[in-house]
Amino acid sequence: MLLKELKNKKILILGFGEEGRDTFLAIRRLFPHAKLGVADQQERTIFSSRLPRFWKEVFKKDKRVVWYLGKNYLAGLNDYEIVIKTPGISLRWLKPWLNKRQIIISQTDLFLQNCPGTVIGVTGTKGKGTTTSLICQILKRGGRKVRQIGNIGTPVLNILLRAKEKDIFVYELSAQQLDGLKVSPSVAVFLNLFPAHLDFFGSFKRYKKAKENIALYQKEGDYFIYNQADKNLRELAKKTKAKKITLALNHPLLTSNKLKKIKLKGKYNQINIAAAIRVGELFKIPQKKIEEAIVSFKPLPHRLEFVGEYQGIEFYDDSIATVPEATMAGIEALGSRLKTLITGAQKIKGITFSELAKRIIKSRIETLILMPDTGKEIWREVMKQGERIKRKVKIKPVFVSSMEEAVRAAYEFTPASAICLLSPTAPSFNLFRDYKERGELFKKFVRKYGGGKMKKEK
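Rendered as structure tokens:
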């Protein structure tokens with residue numbers, strides 16, 4: 157949908173977090189006198205108490221807003237022609253409330269339909285944040301005007317209003333942002349695909365369908381950069397009209413001594429690097445500039461991030477690891493010196509731990525520090541897999557109920573010169589606000605019980 161088509165329409169903004177607020181400001185800038193609805197599931201008293209002063213002043217002056225708050229926040233849905241929803245609200249949750257005449261769109265939809273510049277969309281179950289940031293760094297090294305937006309960037313509608321034809325946007329796209337789209341970016345990067353967010357989508361089939369939208373609507377002049385080792389992505393490559401480009405997995409940077417200089421650890425990060433290289437090549441960035449950008453790139457927070465060495469123990473924060481596959485990748489990346497794994501998090505229907513358990517048994521891990529809700533389930537699976545392959549499990553299980561307990565146990569049981577990794581295998585919402593809070597608490601207690609002195613940096 158083009159922005160000009162919103163004129164004189166009855167518009168409801170569904171969800172009023174950071175993105176919903178950005179949508180409100182953009183619509184107000186375009187159509188100062190439009191009547192708008194705002195719907196949010198927070199109760200009015202909670203919503204009002206959490207609203208920043210700026211927004212309280214905005215709504216005190218703006219009399220053209222109708223509010224729908226609390227458990228009946230969807231009650232007014234049918235009164236609006238256009239619904240601009242935030243990614244956290246699933247389309248399947250809305251179906252019982254919708255009529256056939258309504259148009260459901262999102263910021264992502266509006267941005268891709270209206271952006272005059274070039275959009276590089278990046279997705280994958282894991283690695284999209286790192287790859288998005290790495291692509292930006294490569295393009296900047298090559299002198300391109302580039303901006304990072306999306307999942308770990310900033311909301312995009314007000315950025316769209318200032319966008320120019322020469323601008324390049326690197327857009328990190330989650331499955332929630334891709335859900336329901338009928339438009340794809342001109343350059344699509346797809347890293348990997350395995351089960352995740354099943355509580356939101358209900359099944360892997362729905363999750364996969366949402367992810368595929370990054371390339372499904374590309375045109376013949378577009379580009380699809382994908383991981384050729386992933387069967388799901390090979391299938392998607394057959395469906396898109398775009399030119400197909402496979403990853404640079406055999407690039408000299410990844411097969412020479414230069415690999416040792418790169419701070420991004422593990423094979424899965426090599427996939428991220430290989431994808432970023434292909435984007436750099438597509439935009440004709442010199443190889444020297446591409447290599448400089450990759451070698452100087454530091455891991456993002458909570459993504460196999462080196463916290464420091466305390467009391468002779470190296471600590472790594474991989475709080476973003478919210479699926480078993482990510483934890484397995486972290487175990488592989490850190491190798492034989494990994495002796496302690498802190499894992500366990502929110503229970504998600506459809507996620508199993510059999511492959512993770514096998515990987516743990518094959519590793520050199522000596523202590524498993526297990527957190528709610530899935531800690532006990534992971535340990536049961538480790539014992540089950542040990543019996544299946546007739547191998548005595550010599551790993552020590554330590555069950556804890558908080559991050560502070562987990563870190564104290566890590567100091568107690570991890571030998572000197574070894575590694576301790578936080579890699580939860582699931583989302584954080586049972587105990588924490590999000591993966592960031594979980595990771596920050598881990599780092600806080602590592603420093604607290606380590607005496608606050610870091611012996612070395614990596």
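Using our numbering, the first residue of the sequence shown is number 157, and each one after it goes up by one. The C-beta atom is built at its ideal place from N, Cα and C for all residues, glycine as well. Predicted, not measured: the structure shown is a model, and the values here were computed from it.
* To do: Identify whether Y591 lies in helix, strand or coil by the three-state DSSP scheme.
  => Y591: helix per DSSP, three-state reduction.
* Report buried or exposed for N164, applying the criterion of at least 16 other Cβ atoms within 10 angstroms of its Cβ. => Label assigned to N164: exposed.
* To do: Return the chain-ordered list of same chain residues with a C-beta closer than 7 Å to the C-beta of K599, the five sequence neighbours on each side being excluded.
  => Closer than 7 Å at Cβ, skipping near neighbours: V463 and D473.
* **Per DSSP, cross-strand counterpart(s) of T112** => Missing from the structure shown is residue 112; the chain here goes from 157 to 614 and no further.
* Proximity to E376 [Cα-Cα], best of I315, F439, K400 and N369 -> Closest in alpha carbon position to E376, among I315, F439, K400 and N369, is K400.
* Tell me whether the beta-carbon of V278 lies closer than 8 Å to the beta-carbon of T287. => Cβ atoms of V278 and T287: closer than 8 Å.
* Which residue or residues does DSSP assign as beta-bridge partners of T274? -> Answer is I324, bridged to T274.
* Rounded C-alpha distance that separates T496 from A513 -> If you take the alpha carbons of T496 and A513, they lie about 14 Å apart.
* Asked: Does the stretch 172-189 come within contact of the stretch 299-319, defined as at least 3 CB pairs closer than 8 Å?
  -> These segments touch.
* Asked: Looking at the unbroken alpha helix (DSSP H) that takes in K423, where does it start and where does it end?
  -> Run containing K423: K423 to L438, per the alpha helix (DSSP H) assignment.
* Exposed or buried, what is I245 when buried is set at 16 or more other beta-carbons lying within 10 Å of its beta-carbon? -> Looking at its Cβ environment, which holds 16 or more other Cβ atoms inside 10 Å, I245 is buried.
* Burial state of G486, where buried means 16 or more other Cβ atoms lie within 10 Å -> By the neighbour-count criterion, in which a residue is buried when 16 or more other Cβ atoms sit within 10 angstroms of its Cβ, G486 is buried.
* Around the C-beta of K284, are 16 or more other C-beta atoms found within 10 angstroms, so that it is buried, or is it exposed? -> With 16 or more neighbouring CB atoms inside 10 Å of its own CB, K284 falls in the buried class.
* Under 8 Å Cβ to Cβ from K397, same chain only, skipping five residues before and after it: list those, please. => The answer, listed in chain order, is Q374, K375, E376 and D378.
* To do: Identify every run of the beta strand (DSSP E) within the stretch 227-311, keeping only runs that are complete inside it and at least 3 residues long; order them along the chain.
  => Every beta strand (DSSP E) stretch that sits fully inside the stretch 227-311 and reaches 3 residues is listed by chain position as 238-241, 259-262, 274-279 and 302-306.
* To do: Assign G173 to buried or exposed, taking buried as 16 or more other Cβ atoms, counted over all protein chains shown, within 10 Å of its Cβ.
  => With fewer than 16 other Cβ atoms from the protein chains shown falling within 10 Å of its own Cβ, G173 counts as exposed.
* Quick one: is S262 buried, meaning 16 or more other Cβ sit within 10 Å of its Cβ, or exposed? -> It is buried - the Cβ of S262 has at least 16 other Cβ atoms within 10 Å.
* To do: Decide if the stretch 228-237 is in contact with the stretch 188-202; the criterion is three or more beta carbon pairs, one per stretch, under 8 Å apart.
  => Remark: three or more beta-carbon pairs, one from each stretch, lie closer than 8 Å, so the stretch 228-237 and the stretch 188-202 are flagged as touching.
* With hydrogens ignored, establish whether the beta-carbon of Q541 is closer than 7 Å to any heavy atom of the ligand GDP. => What this structure holds is no ligand at all, so the ligand GDP is not there to describe.
* Asked: Using the beta-carbon count (16 or more within 10 Å), is I202 buried or exposed?
  -> The C-beta of I202 has fewer than 16 other C-beta atoms within 10 Å across all chains shown, which makes the residue exposed.
* Classify F471 as buried or exposed, calling it buried when 16 or more other Cβ atoms lie within 10 Å of its own Cβ. => Result: buried.
* **Contact the stretch 434-442 vs the stretch 555-569: 3+ CB pairs below 8 Å** => Between the stretch 434-442 and the stretch 555-569, the count of Cβ pairs shorter than 8 Å is below three; the stretches do not touch.
* Determine contact between the stretch 579-597 and the stretch 478-492, defined as no fewer than three beta-carbon pairs at a distance below 8 Å. => Remark: three or more beta-carbon pairs, one from each stretch, lie closer than 8 Å, so the stretch 579-597 and the stretch 478-492 are flagged as touching.
* Asked: Is DSSP giving D335 helix, strand or coil here?
  -> Residue state, collapsed to three classes: coil.
* **Buried or exposed by the 16-neighbour rule on C-beta atoms within 10 Å, applied to P272** => When all chains shown are included, P272 counts as exposed.
* To do: Measure the C-alpha to C-alpha separation of V339 and A404 and round it to an integer number of angstroms.
  => Taking the straight line from one Cα to the other gives about 27 Å.
* Could you please give the first and the last residue of the uninterrupted beta strand (DSSP E) stretch that includes E465? => Note, E465: beta strand (DSSP E), E461 to Y466.
* With a CB to CB cut of under 6 Å and the five nearest residues on each side skipped, what residues in its chain are close to F357? -> Y363.
* For A385, count neighbouring C-beta atoms within 10 Å of its own C-beta (all shown protein chains included) and say buried if the count is 16 or more, exposed if not. => Classification of A385: exposed, given that the 10 Å Cβ count is below 16.
* Asked: Are I429 and I450 closer than 8 Å when you measure CB to CB?
  -> The Cβ-Cβ distance between I429 and I450 falls below 8 Å.
* To do: Go through its chain and collect everything with a Cβ distance to S156's Cβ below 6 Å, but skip five positions before and after it.
  => Only positions 157 to 614 of the chain appear in this structure, which leaves residue 156 out of reach.
* Helix, strand or coil for A566 per DSSP? -> Reduced to three states, the DSSP call for A566 is helix.
* **Given D529 as reference, the closest of E511, F555, V345 and F267 once Cα atoms are compared** => Checked all of E511, F555, V345 and F267; the closest Cα to D529 is F555.
* **Status (buried if at least 16 other CB within 10 Å, exposed otherwise) for A572** => Classification for A572: exposed.
* Asked: Are Q541 and S510 closer than 8 Å when you measure CB to CB?
  -> Yes; because the gap between Cβ atoms is below 8 Å, this pair is in contact.
* Asked: Which residue comes first and which comes last in the alpha helix (DSSP H) that contains D355?
  -> Its alpha helix (DSSP H) spans residues L354 to F357.
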